[in-house]
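Have a look at the structure below, then the notes.
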Amino acid sequence: MEHALDIALTVNGAQVSRRVEPRQHLVDFLREDLGLTGSHVGCEHGVCGACTVRVNGEIVRGCLMLAVQANGCRVETVEGLSDSRELAGLQKAFHERNALQCGFCTPGMLMAAQDLVRRKGKLSRAEIRNHLSGNYCRCTGYQAIVDAVEEALDGQG
Amino acid sequence: MGRAELPLHAPGTQTDKGYIGQSVPRPGAQRLLQGRGAFVDDLRFPRLAHAVFFRSPYAHARIKALGLEKARSAPGVIGVFDGRAVAEYCKPWVGVLAHLKGIKSPPQHAIAIERACWQGEAVAAVVAETRAQAEDAAALIEAEWQELPVVVDMEAALRGDAVIHEELKDNICFKREHDTGGVDEAFAKADVVVEETYHFGRHTGVCLEGRSILADYNAAEHSLTVYHSTQAPHMMQDIFARHLGIPEGSVRVIAKDVGGSYGIKVHVYPDEMATAALSVMLRRPVKFIADRLESFATDIHAREHRVKISIAVSRAGEILAFDLDDLTAIGPYSVYPRTSGIEGNQVVNLTGGPYRHQKYRARMHVVFTNKNVTCQYRAVGHPIAVALTEAIVDKAAAQLGMDPAEFRRKNLIPDDAYPYTFPSGIKFEKLSHHKCIDLLLQLMKYEELRKEQQDLRAKNIFRGIGLAAMIEVTNPSPAFYGVGGARISAQDGATLRLEPSGMVTVLCGVTEQGQGTDAIFAQIAASAVGVTLDKVRVITGDTGVTPYGGGTWASRGAGIGGEAVLLAGRALRANVLEIASQILKTGKEELEVKDNQVVNRLTREAKLPLEELGRIAHFRPDTLPVDFQAELTVTRHYTPRQYGFTFTNGIQASLVEVDVDTGFVKLLKHWCVEDAGTVVNPMLVDEQIRGGVVQGIGAALYEECLYGPDGQLLNGSMADYLVPMSGEMPDIVCAHVETPTRQSQLGAKGVGEAGTAGAPGAVMNAINDALAPLGARVATMPFTPQRVLQALGKVG
Chain A
202 MEHALDIALT VNGAQVSRRV EPRQHLVDFL REDLGLTGSH VGCEHGVCGA
252 CTVRVNGEIV RGCLMLAVQA NGCRVETVEG LSDSRELAGL QKAFHERNAL
302 QCGFCTPGML MAAQDLVRRK GKLSRAEIRN HLSGNYCRCT GYQAIVDAVE
352 EALDGQG
Chain B
-19 MGRAELPLHA PGTQTDKGYI GQSVPRPGAQ RLLQGRGAFV DDLRFPRLAH
31 AVFFRSPYAH ARIKALGLEK ARSAPGVIGV FDGRAVAEYC KPWVGVLAHL
81 KGIKSPPQHA IAIERACWQG EAVAAVVAET RAQAEDAAAL IEAEWQELPV
131 VVDMEAALRG DAVIHEELKD NICFKREHDT GGVDEAFAKA DVVVEETYHF
181 GRHTGVCLEG RSILADYNAA EHSLTVYHST QAPHMMQDIF ARHLGIPEGS
231 VRVIAKDVGG SYGIKVHVYP DEMATAALSV MLRRPVKFIA DRLESFATDI
281 HAREHRVKIS IAVSRAGEIL AFDLDDLTAI GPYSVYPRTS GIEGNQVVNL
331 TGGPYRHQKY RARMHVVFTN KNVTCQYRAV GHPIAVALTE AIVDKAAAQL
381 GMDPAEFRRK NLIPDDAYPY TFPSGIKFEK LSHHKCIDLL LQLMKYEELR
431 KEQQDLRAKN IFRGIGLAAM IEVTNPSPAF YGVGGARISA QDGATLRLEP
481 SGMVTVLCGV TEQGQGTDAI FAQIAASAVG VTLDKVRVIT GDTGVTPYGG
531 GTWASRGAGI GGEAVLLAGR ALRANVLEIA SQILKTGKEE LEVKDNQVVN
581 RLTREAKLPL EELGRIAHFR PDTLPVDFQA ELTVTRHYTP RQYGFTFTNG
631 IQASLVEVDV DTGFVKLLKH WCVEDAGTVV NPMLVDEQIR GGVVQGIGAA
681 LYEECLYGPD GQLLNGSMAD YLVPMSGEMP DIVCAHVETP TRQSQLGAKG
731 VGEAGTAGAP GAVMNAINDA LAPLGARVAT MPFTPQRVLQ ALGKVG
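Taken in sequence, the protein lines are chains A and B.
Residues are numbered in the working numbering as their position in the first sequence, beginning at 1, plus a constant of 201.
At position 384 of the second sequence (counting the first as 1) the number is 364 in the working numbering, and the numbers step up by one without a gap.
What follows is the structure, given as structure tokens:
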């Protein structure tokens, strides 16, 4: 830790200060240093989307951003958005339609889907599929996920 | 015990099925939706150490020297070990089964000693305080290698140009021949003979959660607790016990949440065995999580077959015979304990499976190569058998000028012909091919689609429709592994317990990886006992608490575990009625359990809440007769025996559009009609099918583990190895025919692999149907744009 740097950021609404190695990914920082294990590490090269979190309102890959780059940022994870109930609509639709199986991709999938929900407005299934095409799910075949997101988008009126 | 004790599918009865057949959501999904699951890498332990592996950069090389000293002195390092050091704690294994006659494989160590046989094989382990430190240290290991001749091509392996394991004399792991006799005669008298060779690419499971293990050895007790992302906790308990020399009862394997498995996580992996050994050696918890690059290089791969098949057909369109020659390559070792001979064996067993010909000949060779090992992955052999059967059937139909649907109807085994013995020797209890094809054609509006296809062809739009009928092995009896000497349980047990509060706890040996095991067990238990679903909790995946069982593979969860839960549920209800009879001083034949109450069977009047019964039985048994003991915990087991396997059947259809300028295949729609027997939860069954279909589509269009001539894996990352993503996938229409198996009371046959079994064949036939007017044809999976353009003669 001889080259460690101090960072201060907001994670799920709480102030956090830590000393981190410059090479540490944001998702490893969230998981290892803060114990927020809801964001998952699937590929560590920015393809699978399992580590998707929100930084300053934009979704990012937690494995393609370093923890030091999040200094001064507002970071939100699946745990935070579950407790604030921001994800409640999507979670309900995912649950009812079984839009998850093993659940490893699900936190990242929800973060990506919520990005659509926040933009509001009706979208076609093809548009939903395209938006989620950066999030890999091996279990479901995606259809139930698209159904659930469609329902959540419809539900917001 | 009245009506509910009849099989759920008893003819002529109106059995109350309770929750069975209802699409209820999975209670266990809630924690996963909130990021509050417990995958192995989420667990936190005091003194946890992290293992990483130094892996061979060569496909085949002798280890001349291994310099570990620099790594040992790196910051945070706890230990660095070579194969010999680990072998002192972990015995090697040999992946053979006695009933696969002649199968051979050399002993395999947790960490390679002297020689590495594929690129990615572990040759040293580094354990450190953090994973980053372990990775830093692994980079300091200095290895000196002597490269050895590399065998990558399976034809060359079969020829034996170079032999990988000298002591085995050749590269043939296993071979099998099957011949009903009369095949040559059938071909001689056939009006039409069609032959084609199909190539199936190597691919892998790509579980989003990499293989994960955390082994926690307790030196004081000489006991080992392993938190493992596995499908088969009891199998692993046995293996850790025997190979590490710890009494079976002192090994506990716990599978909490498992982030995808699909057959990938049901095998013994050397690096995982090494991790358990390292925990013993270091007397502290040690964790290994395979990263994505390691996953591609070392998770089992599957398929890689070259199959030549011929079909003999009469002018009237009757299939007379199939003749098959399969060659498949499995890497340098047969994987322990299931062996790598099973996939080829399945191809021999299942090819031609839906049809009623009587003459069949098959020859199959399984060969060693210097690539990563292959073994059983979702649908094991079925995608090969179905695709090549269905492709050659289509080709024969085309030759005769017959519509592919009509040709299938003519040849599918009639629905009233069961029980039926197939020429490969396998037995079908009861299948429903004709019901399924009728439903499929109606569902997809086959005639309309054919017309649309013709109309679009006039506009140079090339659409294709592909059908794939299938059979699928499920619910294996001990004939699959047990008879061959593998300590893999074919039976499963379930324990049901009525708690003092009137709630029901279910414990079962089958495990949950997201397919919904826990949910369907809750449905079955609630229905069998007579409680509402909210009163049931299910515990799986812990050898310390659940009854012994095989776990999850071969689509056995519902059919075997579900039956054990049903039997235990009925036994618990009988015991509840005994107790109620004592408390109420009423004959138990007058009582029934319904909606958490003991009720009068005839009047339905509520007599006693289970909550009250539980209170009395647990806390006031003094109020019951002195010679009466309440038994509120029951265990029942189930083993399928009457048939070697239960078989399911179904048929899939794919609609594609081929862009003849770019070679891209666009999937427009997919249909699957499946007969999985009793459907416990239609929503979960449909989702199993959809997920399986998409895995099959991946194999057909995108996925292939590519190796260079030197045995180097060329595409071991998710950027280079393509998997299906949401943007390219079609909507998939599912429908069911229900023919319950009469072997069990529940009647469930299983459904986990059907989608994957049939999809590649359906997609292949759809592409070839689209290309037919252009005189082009593809036969090598995956059907990449390049291969499609090659077939069209547009690129070299």
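Note that CB positions come from ideal geometry on N, CA and C, so glycine has one too.
Give me the Cβ distance between residue i and residue j, rounded to the nearest whole Å; I'm assuming they're in contact under 8 angstroms.
i	j	result
S203 of chain B	V103 of chain B	No, S203 of chain B and V103 of chain B are not in contact; Cβ-Cβ is about 30 angstroms, not under 8 angstroms.
N350 of chain B	I144 of chain B	6 angstroms
A371 of chain B	E176 of chain B	7 angstroms
G243 of chain B	R358 of chain B	5 angstroms
S697 of chain B	F276 of chain B	7 angstroms
V131 of chain B	A51 of chain B	Rounded, the Cβ-Cβ distance is 31 angstroms, inconsistent with contact.
Could you check where the alpha helix (DSSP H) with residue i kicks off and where it finishes?
i	result
F627 of chain B	Run containing F627 of chain B: none in the alpha helix (DSSP H); it sits in the beta strand (DSSP E), 626 to 638.
K390 of chain B	384 to 391
A548 of chain B	542 to 564
A750 of chain B	734 to 751
G63 of chain B	63 to 67
Can you list, in chain order, the residues of its chain whose CB lies under 8 angstroms from that of residue i, leaving out five sequence neighbours each side?
i	result
D284 of chain A	N213
R389 of chain B	H414, I417
G539 of chain B	T454, N455, P620, T626, G657, T721, S724, L726, A728, K729, G730
Could you give the DSSP three-state label for residue i: helix, strand or coil?
i	result
C652 of chain B	strand
Y701 of chain B	coil
K587 of chain B	strand
G358 of chain A	The predicted position of G358 of chain A is uncertain, since its pLDDT is 48 and thus under 50; a value taken from the coordinates is nonetheless stated next. Coil.
I406 of chain B	coil
D218 of chain B	helix
Q14 of chain B	coil
Y426 of chain B	helix
M344 of chain B	strand
A205 of chain A	coil
Q2 of chain B	coil
I244 of chain B	helix
R272 of chain B	helix
T110 of chain B	coil
S259 of chain B	helix
Starting from residue i, follow the beta strand (DSSP E) in both directions and report where the run begins and ends.
i	result
A282 of chain B	281 to 293
C153 of chain B	152 to 159
E101 of chain B	Note, E101 of chain B: premise wrong, no beta strand (DSSP E); not H, not E.
M663 of chain B	First-last for M663 of chain B: 662 to 681, but that is the alpha helix (DSSP H), not the beta strand (DSSP E).
I269 of chain B	266 to 269
D306 of chain B	299 to 309
Near residue i, which residues of its chain fall below 6 angstroms by C-beta distance, leaving aside the five closest residues on each side in sequence?
i	result
Y623 of chain B	K407, E409
A499 of chain B	R6
P527 of chain B	G473, T475, G489, T615
R148 of chain B	The residue you asked about is not Arg; residue 148 of chain B is Leu in the sequence shown. If we look at L148 of chain B and ignore the five residues flanking it on each side, its Cβ neighbours are K84.
Q225 of chain A	A268
A342 of chain B	H158, L304, V328
I291 of chain B	V174, F302, I372, A376
Q778 of chain B	Because residue 778 of chain B is not part of the residues shown, which for chain B are -19 to 776, the question remains open.
G537 of chain B	V490, T497
V233 of chain B	V206, H208, P213, M216, Q217, T523
Within its chain, find whatever has a CB closer than 7 angstroms to the CB of residue i; leave out the 5 residues flanking it on each side and keep chain order.
i	result
E351 of chain A	R326, I329
Q126 of chain B	A41, R42, K44
E684 of chain B	G181, R182, H183, P762
G332 of chain B	F302, Y340, T369
R757 of chain B	N748, L751, A771
D690 of chain B	A39, V130
G358 of chain A	With a pLDDT of 48 at G358 of chain A, under the threshold of 50, the modelled position of that residue is not reliable, and no figure is offered here.
Listed from N- to C-terminal order along the chain, which residues in the stretch 227 to 242 of chain A have their beta-carbon within a distance smaller than 9 angstroms of any beta-carbon of chain C? The structure shown contains no chain C; its protein chains are A and B.
Any chance you could list the alpha helix (DSSP H) runs of at least 4 consecutive residues sitting entirely within the stretch 443 to 520 of chain B, in chain order? 497 to 509
Residue ranges of each alpha helix (DSSP H) within the stretch 252 to 330 of chain A, 4 or longer: 279 to 284, 289 to 298, 307 to 320
Let me know the beta strand (DSSP E) ranges lying completely inside the stretch 595 to 628 of chain B, each 3 residues or longer, listed in chain order. 613 to 618
Any chance you could list the alpha helix (DSSP H) runs of at least 4 consecutive residues sitting entirely within the stretch 162 to 200 of chain B, in chain order? 163 to 169
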